[in-house]
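All residue numbers for the sequence shown refer to the working numbering, where the first residue is 19 and numbers rise by one.
Glycine residues also receive a C-beta, built at the ideal position from the N, C-alpha and C atoms.
As the structure is a computational prediction, the values presented were derived from the model and not from experiment.
Report on the structure given below.
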Amino acid sequence: MDIRTVFIITFACFVRRFPAQTSVKEVHIPGDFVLGALFPIHDSKDGKCTPQVNEQDGIQILEATIFALREVNASLTHKGFTLGLIARDSCYDTGIALQHALEFAQKRYNSQSNRFENCTCSWTDTRNIIGVIGPPRSKETVDVANLLTLFKVPQISYFATTPELSDNVKYKYFKRTVPSDTFQAKALVSILRFLDWQYVSILYEDSNYGIEGYTEIIAAAEDAGICFGFDKKVKESTKEDELEKVVVDLMKKKNTNGKVVAILFMQYALAYRIMEMVDQSHNSSDVIWVGGDAWIGREPPSGQKKIIERAIGISPETRSYPGFAEYFRKINISRSPNPWFGEYLKQRYSCSLTDKKNSCTDIEIKDFRELLTAYNVRNAVYSFGSALDNIHTLLCGEKKGVCKRMKSNLTGELILQYLSNVSNPFSTSFHFENGRDGPIRYSVLQYKRQQNDYTWIEKGNYSGQELIWKTMNRSKYTASVCSVPCKNGQFRSRGEVCCWECKDCDYTEIVNASDPFNCQTCDIYSGWTSNPSQNVCVAIPVDHLHYNNPSILVIFVLSSLGIIICCVVSVVFILKRTTPIVKATGFETSIVLLVAILFSYISPFILVSEPTVASCAFFRVFLGLSYTMAYSSIFSKLMVYNRAFDVQSSIKNKSIQGQTVFNRNICTMKTALVISLTLSGLHFLALVFWSIGDTPLPVVKYSVTREEALGNLSCADLDNFSYFVSLAFSFLLMIACLVFAIKTRKLPDGMNDSHEIMYCSFTSFVLWIAFIPLYTFSENKLVKVMSLSISLIIHGTACLLCLFITKIYIVIFRPEKNNKERVMRTTPSRSRDSYSGSFQGSRAFEKRQSFGVTLEEKTSTNCTRKLSSACVADDTEEEGEDYSATTGTLPFKNSIIIDRSEKYSEEAEIVVNSLNRNSGEKLLGNKEDLDNIKADERLTNHKANGDILQNKNAFDEDERTAEHQNQGNFIKSIGFKPSSFFKRITSHKSQKAHVSHENIIEKGNENSASEKTVRRLSQSLPDVHFKNT
């Protein structure tokens, strides 16, 4: 037993010993079993009942109870027992209600055989009270229920709705025929939400009913986005001046339309007191009243009908009590068991209870308006009657009247059990929800003027799930807000309570309807952005470049055209691979270069395709190989050409020692092919291992602007510098190509692509200069893809135009130029170390026959030299036709063979000087020069055993004269005087290398100046590679 219960019992005993001033009147209808009832017949003030009669909650409810009791007794006639009634006036006062309740509990106690052992109170009434109906208000009902539960007296309230009374443990013996305020609060909020009243005020009563109801309304309104600009708890005892302050504060909370929407969640009397005060001191038309079941549906006090016009609210389901209106109109004051009915007539019709001239007895009730919730008290009476009927059947069977078993076993627990199971008593649609509360059925009522009078009109119904409207026209009601609603993409910056200032959110943020005061950021990095209305985050659509994009179509057209041209060039080169110009170009390396160009044109197709792991990896490989294969083929060819024609370094460094400068089989195009494929293969393997270790995954990068949000699916390499890593090796090869292109700029025309290679390399270099910043600083995937694709296409096109187009033109359209002479022709500007100041150098453009000089052992019948050693093959036309760049030899039309033993002769000295001057590449001379030199071949007949003569005096004077004559002719042919050059050479050579004992044989006087000069000259002779038969 808790402290509150102890207090209530103590208080009840106190009021029983010192009773309040209550009316001694009561309704007493005898019966075998009696129901106690507590009705607020009068109002109360300061704990005392006032003369004011409550016409609806008092008189109508009491008469409805009497009428229902008659109906129940009529139905129980066949059972042989009746149900009686003792009704008391509670006067809306808790003390009075507890006093009467304690008396009812005493009567219930005295009807049983058991007694309370320590109770000092005494009762003499032995009438059998089986249960109590009422009181209606939650304020009195809570305390009465505590008391009756203690005495195990079942209680049914017909109008107490506080959620507190739903506690089945604390108030075990309490039931009600109306639903809890939990559902009433939800129904009220549904009305506010339907009418778009988001800014309201609320005044609630300081009682269980008001506080609990306010709590439920606030909780439901928060979920619906309804804000209360003003809320105040008011007591019934509040003085007028204090209540006036509350009203003044309430009227300050007007919405944007200048109206005040106010909820009054309180009892009837206090609600009309506030509304009357508003009407007196303010304009009542500026207020829209919203109410709960305590005053909604009840007729207003006299003269206050107009002030509540348009009021709307919730009431337990309204329906007529069949037959009750006719019964009420026919009540005769002299025959009515209701002792207060005369007071009601006197108050309503101003009649007299004593004066026969204006006697209330003669009053005919014609203006009766039924309280549409009166049927709830009927359900309470019906429930008790149905429970007793079922108990009688259980305990007495078919026996009529109250059997002995029923008298001794009719306990409070048994009655409570059968009350919980009541369903549709006496053919009515009623039952207890969960055995405790009434069914969830509400009516939405509005007070409106119809014809010449005001009345409550049902506008809708609520059954706990959804508010169903019947005749409500929403367009006639304007929204109630403190501030103008914000536009899409704006949030509410709080000002006063329920008021705000609209501010813009970022275009990537949203304003949720459930939280309009904050911007919520959509996670862009996870693929979410705001919708156009900025009220919900939506998934960003993910897309990739498609073939129908105009820019991509241009790329595809250019790439396709390049592939076709590349294939045509490849076919022409394959078909014409035996022609001089193709052979001079290097067929093998050209095919590698064409494959690289083909990769350049194919790569854009891979780049634009839907990004997958495979496509990203393939593009990484294709991008790197397209440049690497191109520049590796150019680099290897240039390196072989440079080595093949670079005789000067060989002569200066290794010829005297007699070493082999270069193997014949190295300076070939097969060597260039091997070098090219090796470089490309190494790069390919590096790219493969890189792709395995760092898999190029497709990623989505989201681009969100105010106008558009799009996720771009692309390879991860596009967002970093991976492609630069792939091209780093190619860049080094390009630099090497530029270096070798400069070094080989003097090659014969058929083999000299230095200018074209430089153009190609410079084009790629400029492309990369433009490509790197564009690619690095651009965030647009299309720009990156376009820049990559364009650079690849331009790279391939530059290689085609610079390195192949002229040759294809000659092969197809000018076949007469596709011959050995044109291939091996050297333009003056490209001649290697040309001497423009010489006689022959100035006439280098003239067509002349060239010849080579070969030092050979006497026993050698055939000499085949690498070009770097200035050795040529047999001087035949047939062999000359086969010379090409792929053989690594230079096709001289004529050659002079000098025996190695004669290399210290004066003729040999002149040849050597000429070789040194002309870089050892070739000697230019006409036919006459050649004849003069051949005439000197007779010198070889005077050599013995391969040794050079040590004494020049051995020659006779004629020979010496002929020798000088031939030397003059040779000087005239080569265009310079060798004597001065000879002195410069010998003085320079004397300071260098030692003389090899295998190549220098000294048999004369070592002090001879001429012999010393010859020895020094031998140091500058070219290194020779002999091929002995």
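Query                                                                                                                                                                    : Result
Helix or strand or just coil, what does DSSP make of VAL150?                                                                                                             : strand
Can you give, in chain order, each stretch of the beta strand (DSSP E) that sits fully within the segment 458 to 514 and has at least 3 residues?                        : 460 to 468, 471 to 480, 485 to 487 and 508 to 512
Would you check if the segment 589 to 598 and the segment 827 to 840 touch, i.e. whether three or more CB-CB distances between them fall below 8 angstroms?              : yes
For the segment 587 to 596 against the segment 816 to 833, are there 3 or more C-beta pairs whose distance is under 8 angstroms?                                         : yes
Within this structure, are the beta carbons of LYS2 and THR159 separated by less than 9 angstroms?                                                                       : Here the chain covers residues 19 to 1047 and nothing more, so residue 2 does not appear.
What does DSSP give as the partner residues of VAL305 in its beta bridges?                                                                                               : VAL278
In the DSSP output, which residue or residues are listed as bridge partners for CYS245?                                                                                  : TYR217
Would you call PRO791 buried or exposed, if buried means 16 or more other Cβ atoms sit within 10 Å of its Cβ?                                                            : exposed
So VAL718 and LEU731 are in contact, right, with Cβ under 8 angstroms, and what is the actual spacing, rounded?                                                          : 5 angstroms
Looking only at its chain, what residues have a beta carbon closer than 6 angstroms to the beta carbon of ASP249, apart from the 5 residues adjacent to it on each side? : ILE220
Just the C-alpha distance for SER796 and THR713, rounded to the nearest angstrom, thanks.                                                                                : 24 angstroms
Thinking PHE386 and PHE346 are a contact (beta carbons under 8 angstroms), I'd like their distance in whole angstroms, please.                                           : 6 angstroms
With DSSP run on the structure shown, which of helix, strand or coil describes PRO94?                                                                                    : With the sequence shown as reference, residue 94 is identified as Leu, and Pro is not the correct amino acid for it. Residue state, collapsed to three classes: coil.
Please report the residue range of the beta strand (DSSP E) in which GLY102 lies.                                                                                        : 101 to 107
Between the segment 272 to 288 and the segment 485 to 502, are three or more C-beta pairs nearer than 8 angstroms?                                                       : yes
Taking three-plus beta-carbon pairs below 8 angstroms as touching, is the segment 256 to 270 in contact with the segment 528 to 547?                                     : no
Report the CB separation of ILE306 from GLY331 in whole angstroms; it is logged as a contact under 8 angstroms.                                                          : Not really, about 11 angstroms apart at Cβ, beyond 8 angstroms.
What residues in its chain sit with their C-beta under 8 angstroms from that of LEU485, if we drop five residues either side in the sequence?                            : ALA205, SER208, ILE209, PHE212, VAL462, GLY478 and ASN479
Using CA coordinates, which residue listed in ILE710, ASP533, TYR525 and GLY604 is at the minimum distance from SER551?                                                  : TYR525
Can you pull the DSSP bridge partners for PRO334?                                                                                                                        : TYR460
Is it true that the CB of ILE151 sits closer than 9 angstroms to the CB of SER175?                                                                                       : yes
How far does the alpha helix (DSSP H) with PRO598 in it reach, from first residue to last?                                                                               : 598 to 603
What is the residue span of the beta strand (DSSP E) that ALA704 lies within?                                                                                            : Here ALA704 belongs to no beta strand (DSSP E); instead the alpha helix (DSSP H) covers 687 to 711.
Three or more C-beta pairs closer than 8 angstroms, one from the segment 406 to 413 and one from the segment 432 to 442: is that the case here?                          : yes
Report the rounded CA-to-CA distance for ARG467 versus HIS118, giving the unit in angstroms.                                                                             : 41 angstroms
Of all the options THR473, LYS505 and GLN464, which has the alpha carbon lying nearest to the alpha carbon of LYS488?                                                    : GLN464
Does ASN226 pass the burial test, meaning 16 or more other C-beta atoms within 10 Å, or should it be called exposed?                                                     : buried
Kindly indicate which residue of LYS374, CYS378, ASN356 and PRO443 has the alpha-carbon position closest to the one of VAL399.                                           : PRO443
Where does TYR720 sit, in a helix, a strand or coil, going by DSSP?                                                                                                      : strand
Helix, strand or coil for ALA55, going by three-state DSSP, please let me know.                                                                                          : strand
How long is the line joining the alpha carbons of ILE582 and LEU728, rounded to whole angstroms?                                                                         : 36 angstroms
Tell me whether the beta-carbon of GLY102 lies closer than 9 angstroms to the beta-carbon of PHE402.                                                                     : no
What separation, rounded to the nearest whole angstrom, lies between the Cα atoms of SER93 and SER445?                                                                   : 11 angstroms
Going straight from the alpha carbon of SER650 to that of CYS634, what length do you get?                                                                                : 24 angstroms
Can you give the Cα-Cα distance for TYR460 and THR336, rounded to whole angstroms?                                                                                       : 8 angstroms
Apply the 10 Å Cβ neighbour rule to TYR645 and answer buried if 16 or more other Cβ atoms are within range, or exposed otherwise.                                        : buried
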